[in-house]
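So the protein lines, in turn, are chains A and B.
Numbering of the first sequence is given in the working numbering, commencing with residue 1 and proceeding in unit increments.
Numbering of the second sequence is given in the working numbering, commencing with residue 116 and proceeding in unit increments.
Beneath this line is the structure, given in structure tokens, with notes to follow.
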Amino acid sequence: GAGVSQTPSNKVTEKGKYVELRCDPISGHTALYWYRQSLGQGPEFLIYFQGTGAADDSGLPNDRFFAVRPEGSVSTLKIQRTERGDSAVYLCASSFTGGGSDTQYFGPGTRLTVL
Amino acid sequence: GIQVEQSPPDLILQEGANSTLRCNFSDSVNNLQWFHQNPWGQLINLFYIPSGTKQNGRLSATTVATERYSLLYISSSQTTDSGVYFCAGHTGRRALTFGSGTRLQVQP
């Protein structure tokens, strides 16, 4: 079946602009996660959804970052007033939490560059 | 949160060689996954292995949960094995904590 998809694959924006990044999880997966990966480092957790609600948003760096998952499937990560330090690859993952394994499957990422 | 340490940070092998990558956790984990990040940045699932041993072709992994470490074995390495290998785990919060990775280069 289809894996996790993310759009756009690349996004270049100017400092101060607003951006939206989209994630389409694997069909049937109830949990959705956003991570951020800076060059040379491992991914860092941002936010986790179980269904439509944000179950854990402790990784969001500040209030410029916000994410939604209104129908329990597709999710959008929104960044206001972008800063150069927001440049990174934003990764989305999904998992099925109903069974014994909650293996997280990752999408290809969106590379965000803030000029 | 938990701390994840991976070793070695960098590894250069000749094609055909074997290697062992290690991952140490500061606390017991409910979920432990190994990933390979290819040169295009895609994170590819290798193993979900909170405990025990699994094998998949030339790769195998062992997690000793009571001692909070996991090992990834690569046998008969190929140039396509090059990339960064990450381990990651969580203690029940579901947010994975990743190590810094092992950068593997397999030379022909």
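Ideal Cβ placement from N, Cα and C applies to all residues, glycine included.
Spatially closest choice to residue i from the options, by CA coordinates
{"i": "I47(A)", "options": "Q41(A), L39(A), D56(A), G40(A)", "result": "D56(A)"}
{"i": "R218(B)", "options": "Q121(B), I117(B), G116(B)", "result": "Q121(B)"}
{"i": "S215(B)", "options": "V199(B), V179(B), V144(B), Q222(B)", "result": "V199(B)"}
{"i": "Q157(B)", "options": "D102(A), E44(A), L91(A)", "result": "L91(A)"}
{"i": "P165(B)", "options": "D142(B), Q152(B), P154(B)", "result": "D142(B)"}
{"i": "I127(B)", "options": "F213(B), I189(B), N145(B)", "result": "I189(B)"}
{"i": "G42(A)", "options": "L161(B), Q152(B), N160(B)", "result": "Q152(B)"}
{"i": "A203(B)", "options": "F45(A), F49(A), G109(A), A88(A)", "result": "F45(A)"}
{"i": "S192(B)", "options": "G172(B), G116(B), T168(B), L147(B)", "result": "G172(B)"}
{"i": "N62(A)", "options": "L115(A), D86(A), F96(A), H29(A)", "result": "D86(A)"}
{"i": "F96(A)", "options": "S75(A), A88(A), T52(A), T30(A)", "result": "T30(A)"}
{"i": "T110(A)", "options": "N146(B), E130(B), W155(B), F140(B)", "result": "W155(B)"}
{"i": "G207(B)", "options": "G51(A), G3(A), D102(A)", "result": "D102(A)"}
{"i": "G72(A)", "options": "T7(A), G28(A), G16(A), S5(A)", "result": "G28(A)"}
{"i": "P25(A)", "options": "T113(A), G40(A), G107(A)", "result": "G107(A)"}
{"i": "I117(B)", "options": "L161(B), Y163(B), T177(B), L147(B)", "result": "L147(B)"}
{"i": "V119(B)", "options": "T168(B), R137(B), Q170(B), T194(B)", "result": "R137(B)"}
{"i": "T194(B)", "options": "A132(B), F213(B), P124(B)", "result": "A132(B)"}
{"i": "S94(A)", "options": "T113(A), G59(A), K17(A), G51(A)", "result": "G51(A)"}
{"i": "P223(B)", "options": "F162(B), Q129(B), K169(B), Q170(B)", "result": "Q129(B)"}
Bridge-paired residues (DSSP) for residue i
{"i": "K78(A)", "result": "E20(A), F66(A)"}
{"i": "S5(A)", "result": "D24(A)"}
{"i": "S226(B)", "result": "Nothing about residue 226(B) can be read from this structure; chain B reaches only from 116 to 223."}
{"i": "N160(B)", "result": "F150(B)"}
{"i": "F201(B)", "result": "F150(B)"}
{"i": "L32(A)", "result": "F49(A), S94(A)"}
{"i": "K11(A)", "result": "L112(A)"}
{"i": "I117(B)", "result": "Answer by DSSP bridge pairing: none, since I117(B) is not bridged."}
Pair within 9 Å by beta-carbon distance, residue i and residue j
{"i": "R64(A)", "j": "F49(A)", "result": "no"}
{"i": "L211(B)", "j": "Y105(A)", "result": "no"}
{"i": "R201(B)", "j": "F150(B)", "result": "Before going on, a small fix: residue 201(B) reads as Phe here, not Arg. Yes, Cβ-Cβ distance for F201(B) and F150(B) is below 9 Å."}
{"i": "L32(A)", "j": "S75(A)", "result": "yes"}
{"i": "V179(B)", "j": "S197(B)", "result": "no"}
{"i": "N160(B)", "j": "H205(B)", "result": "no"}
{"i": "Q6(A)", "j": "R22(A)", "result": "yes"}
{"i": "L77(A)", "j": "E20(A)", "result": "yes"}
{"i": "G67(A)", "j": "A54(A)", "result": "Checking the sequence shown, residue 67(A) turns out to be Ala, not Gly. Yes, Cβ-Cβ distance for A67(A) and A54(A) is below 9 Å."}
{"i": "T113(A)", "j": "K17(A)", "result": "no"}
**OP:** Count the CB pairs spanning the segment 176–185 of chain B and the segment 80–96 of chain A that are closer than 8 Å, and state whether there are at least three.
**Re:** No: the two stretches stay apart, fewer than three of their Cβ pairs being nearer than 8 Å.
Original post:
What residues in the segment 180–200 of chain B have a beta carbon less than 7 Å from any beta carbon of chain A?
Top reply: Within the segment 180–200 of chain B, no residue has a Cβ that lies closer than 7 Å to any Cβ of chain A.
Subject >> Cβ-based contacts, 9 Å cut-off: residues of the segment 89–104 of chain A near chain B >> reply: Of all residues in the segment 89–104 of chain A, only V89, L91, A93, S95, T97, S101, D102, T103, Q104 place a beta-carbon less than 9 Å from a beta-carbon of chain B.
Subject >> Near-chain B residues of the segment 38–68 of chain A (beta-carbon distance less than 7 Å), N- to C-terminal order >> reply: If the cut-off is 7 Å between Cβ atoms, the segment 38–68 of chain A has Q41, G42, P43, F45, Y48, D56, G59 near chain B.
Subject >> chain A contacts from the segment 204–215 of chain B (Cβ-Cβ distance under 8 Å) >> reply: So the list reads R208, R209, A210, L211, T212, F213, G214, S215, given in the order they occur along the chain.
Original post:
Using a beta-carbon distance cut-off of less than 7 Å, what residues from the segment 149–164 of chain B approach chain A?
Top reply: The residues in question are G156, Q157, L158, N160, Y163.
Original post:
Of the residues that make up the segment 6–37 of chain A, which ones have a beta carbon closer than 9 Å to any beta carbon in chain B?
Top reply: Within the segment 6–37 of chain A, the qualifying residues are A31, Y33, Y35, Q37.
**OP:** Could you name the residues of the segment 127–150 of chain B whose beta carbon sits closer than 9 Å to any beta carbon of chain A, in the order they occur along the chain?
**Re:** Going along the segment 127–150 of chain B in chain order, one finds N145, N146, Q148, F150 with a Cβ nearer than 9 Å to chain A.
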